[in-house]
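Chemist: Take a look at the following structure, please.
Protein chains: 2
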Amino acid sequence: MVSNPTLEEVAKLAGVSRATASRVFTASPRVSRQAKRAVERAAEKLRYVPNRAARTLVTGRTDSIGLVIPEPTAFLFGDPFFPRLVRGISEVLSRRLLQLVLLMPQSTADEARLEGYLSAGHVDGVLMVSLHGNDPLPERLYGRGIRVVLGGRPSGSSPVAYVDVDNGGGARLAVEHLIAGGRRRIATITGPLDMGAGIDRLEGYRDAIRAAGLTTDASFQQAGDFGQGSGVVAMQALLDRHPDLDAVFCASDVGREMARLLLASLDSETSGGKRIILATELVVRASSAKGGRE
Amino acid sequence: MVSNPTLEEVAKLAGVSRATASRVFTASPRVSRQAKRAVERAAEKLRYVPNRAARTLVTGRTDSIGLVIPEPTAFLFGDPFFPRLVRGISEVLSRRLLQLVLLMPQSTADEARLEGYLSAGHVDGVLMVSLHGNDPLPERLYGRGIRVVLGGRPSGSSPVAYVDVDNGGGARLAVEHLIAGGRRRIATITGPLDMGAGIDRLEGYRDAIRAAGLTTDASFQQAGDFGQGSGVVAMQALLDRHPDLDAVFCASDVGREMARLLLASLDSETSGGKRIILATELVVRASSAKGGRE
DNA sequence: CTGAAAGCGCTTACAG
DNA sequence: CTGAAAGCGCTTACAG
Chain A
1 MVSNPTLEEV AKLAGVSRAT ASRVFTASPR VSRQAKRAVE RAAEKLRYVP NRAARTLVTG
61 RTDSIGLVIP EPTAFLFGDP FFPRLVRGIS EVLSRRLLQL VLLMPQSTAD EARLEGYLSA
121 GHVDGVLMVS LHGNDPLPER LYGRGIRVVL GGRPSGSSPV AYVDVDNGGG ARLAVEHLIA
181 GGRRRIATIT GPLDMGAGID RLEGYRDAIR AAGLTTDASF QQAGDFGQGS GVVAMQALLD
241 RHPDLDAVFC ASDVGREMAR LLLASLDSET SGGKRIILAT ELVVRASSAK GGRE
Chain B
1001 MVSNPTLEEV AKLAGVSRAT ASRVFTASPR VSRQAKRAVE RAAEKLRYVP NRAARTLVTG
1061 RTDSIGLVIP EPTAFLFGDP FFPRLVRGIS EVLSRRLLQL VLLMPQSTAD EARLEGYLSA
1121 GHVDGVLMVS LHGNDPLPER LYGRGIRVVL GGRPSGSSPV AYVDVDNGGG ARLAVEHLIA
1181 GGRRRIATIT GPLDMGAGID RLEGYRDAIR AAGLTTDASF QQAGDFGQGS GVVAMQALLD
1241 RHPDLDAVFC ASDVGREMAR LLLASLDSET SGGKRIILAT ELVVRASSAK GGRE
């Protein structure tokens, strides 16, 4: 921290009390225009910026929000999902003058320290996305009374609020579309099965296959991680097992639209409800048409 | 923030004074084992976490470091340079129990708010990378007495400390290698010319060309932004103008090694010196060999 | 080793 | 509209 001028000094220069000076910076209406002017002038001259720690200590607010993404950065930066997410969240918060603070724990030790950081009152609330299986952080924070909202249903049951899209429905829709197009030997490259999104999409795939009376066994399913690398490998494995596949439902594909929906929901001030599931819509692309095998 | 238990409550439960309790959390040696034990026990029971704002207010430290990357997130996440950078910095800080806080201003308004955030004492120091031309933020922070270190020389002159690699020397080396390999019609796709790295690499290219007595004019130079998309476009433009090119020096190529060097230097505790320029070494790849035009 | 006390820089009832 | 005063939750000389 820096030896900034204090409110006291600003007040003195402006010829008012500290209380009045403070009111100017908290945008209180109870200040005369003269006083306001004098304080603003003094602040400008001294290049005053209110000390955040002091303000937070009394107000209990920090005006910043943490976005926690517990993914290895390499993976994180390779995924087209995240830029949109970060940018969208950033815009929403920006409009409310909230500071977005990105936190990317890279190890268990990092997560432990992060819990301390968040518990100590550094932020007013926490958003967490890309949560895997048994990550205990959300519930621990929740247990401390910290506001936390998850992007994506956690894989287990949890009291923590979350926002999600209808992954199961979206997957079902997609696979039904393939079936309607005449495909019969439909495999799937799943997402990570320790994530709600991965589980739900696989479930949707199965539902559609089952409903159509098609046979499918585990050999038609191959795990991926929503990433491109794993997709290539998985595709290879599927083709080795079933050279005559006529379609593959790729769980990661749903991911593009998710960001948009997630953000749309963030924007709608959903602090009341606990669970928010948004409808999905099917986006039909060329590769699902007859003849394509891309 | 949350209604955490206070130090006072912990002290009471432990049967000691607030001062003694505090000493336990600041790891002061002046505490008896009994007292320490009692305080730790009480803290655990109450799930106590020291209030950061209060501690910061008296110590003046936050134990967190801001990493400012003023790039549009889309671009940012597409660049292989950043994950390594973030991960590396994260590791260094993690070892010292410092919290890394990523800040990505997306607009001028964001930058203005960010200046306030950083000036208000939220972090103990600021790292900034990927600085473009006339960004005033570094100097403004510097003017406030905030510790700031830039990754990469700023394009203009500035009193702000920075760490950089020898971009000019690296570029020269690369082009000399091409010349030694018999290339004569060597073009360059530059980096952004409002960044030190872009400028310096172009300068190195020119030096090598000139020293070899080769002719080169502006038509052999095409601006890029270190990104892949701009590279494709630039390459097209160069080939349109000079279909007989026999080599292209691509400024972005040097970028891979930069991250490594930058991080190596961060790790060497360089708070004393103002300017740090690291030597570059040439990495020869297949595409520079005779016959390649990749 | 321990505690009483001062103080970090703000905000905000409270009483004019 | 304004100011004196209390208080937010800590740390840290200071004096034992």
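So the protein lines, in turn, are chains A and B.
Taking our numbering as reference, the numbering of the first sequence is continuous, increasing by one, and the terminal residue is 294.
Taking our numbering as reference, the numbering of the second sequence is continuous, increasing by one, and the terminal residue is 1294.
Ideal placement from N, C-alpha and C gives every residue a C-beta, glycine not left out.
Chain A beta carbons: is any one of them nearer than 8 Å to that of Thr1108(B)?
Modeler: no
Chemist: Could you have a look at Thr56(A) and say whether DSSP puts it in helix, strand or coil?
Modeler: helix
Chemist: Does Arg244(A) pass the burial test, meaning 16 or more other C-beta atoms within 10 Å, or should it be called exposed?
Modeler: The sequence given here has Asp at residue 244(A), not Arg. Exposed: under 16 other Cβ atoms inside 10 Å.
Chemist: Cβ closer than 8 Å: which chain A residues qualify as neighbours of Met1104(B)?
Modeler: Val86, Ser90, Leu100, Leu102
Chemist: Does Ile179(A) come out as helix, strand or coil in the three-state DSSP assignment?
Modeler: helix
Chemist: Suppose the cutoff is 6 Å on Cβ atoms and the five residues either side in sequence are ignored; what does the same chain contact list for Arg216(A) look like?
Modeler: Per the sequence shown, residue 216(A) should be read as Thr rather than Arg. Closer than 6 Å at the Cβ level, and outside the excluded window around Thr216(A), lie Ile209.
Chemist: Along the region 1041-1054 of chain B, where does the CB come closer than 9 Å to a CB of chain A? Name the residues.
Modeler: Those would be Arg1047, Val1049, Pro1050, Asn1051, Arg1052, Ala1053, Ala1054, in chain order.
Chemist: Please report the distance separating the alpha-carbon of Gly1213(B) from that of Arg1172(B).
Modeler: Cα to Cα, Gly1213(B) sits roughly 14 Å from Arg1172(B).
Chemist: Could you compute how far the alpha carbon of Val1163(B) sits from the alpha carbon of Phe1081(B)?
Modeler: 16 Å
Chemist: Please state if the CB of Arg153(A) and the CB of Val126(A) are separated by a distance shorter than 8 Å.
Modeler: Cβ distance not < 8 Å, so Val126(A) and Arg153(A) don't count as in contact.
Chemist: Ignoring anything shorter than 4 residues or poking outside the region 75-134 of chain A, list the alpha helix (DSSP H) runs there in chain order.
Modeler: 81-95, 108-119
Chemist: Tell me Ala247(A)'s beta-bridge partners as DSSP assigns them.
Modeler: Ile186(A)
Chemist: For Arg87(A), which option in Leu67(A), Val123(A), Glu71(A) has the closest C-alpha, if you only look at C-alpha atoms?
Modeler: Nearest C-alpha to Arg87(A): Leu67(A).
Chemist: Among Arg1185(B), Tyr1142(B), Glu1139(B), Arg1030(B), whose alpha-carbon lies nearest the alpha-carbon of Arg1206(B)?
Modeler: Arg1185(B)
Chemist: Under a three-way DSSP split, which group does Tyr1142(B) fall into?
Modeler: helix
Chemist: When we look at the beta-carbon of Ser1022(B) and count the other beta-carbons within 10 Å, is it buried (16 or more) or exposed?
Modeler: buried
Chemist: According to DSSP, is Asp1207(B) part of a helix, a strand, or is it coil?
Modeler: helix
Chemist: Pull up the distance between the alpha-carbon of Leu1202(B) and that of Thr1188(B), whole angstroms please.
Modeler: 8 Å
Chemist: Closest Cβ-Cβ distance between Tyr1205(B) and chain A: below 8 Å?
Modeler: no
Chemist: Under a three-way DSSP split, which group does Ser64(A) fall into?
Modeler: strand
Chemist: Starting from Asp1240(B) and walking both ways along the alpha helix (DSSP H), at which residues does that stretch end?
Modeler: 1228-1241
Chemist: Going along the chain, which residues of its own chain have a beta-carbon closer than 6 Å to the beta-carbon of Cys250(A), five neighbours each way excluded?
Modeler: Ile189
Chemist: Going by C-alpha to C-alpha distance, which of Pro136(A), Leu118(A), Pro70(A), Pro138(A) sits closest to Pro105(A)?
Modeler: Pro70(A)
Chemist: Which chain A residues sit within Cβ distance under 8 Å of Thr1006(B)?
Modeler: Within 8 Å of the CB of Thr1006(B), no CB atom of chain A is found; the nearest one sits about 12 Å away.
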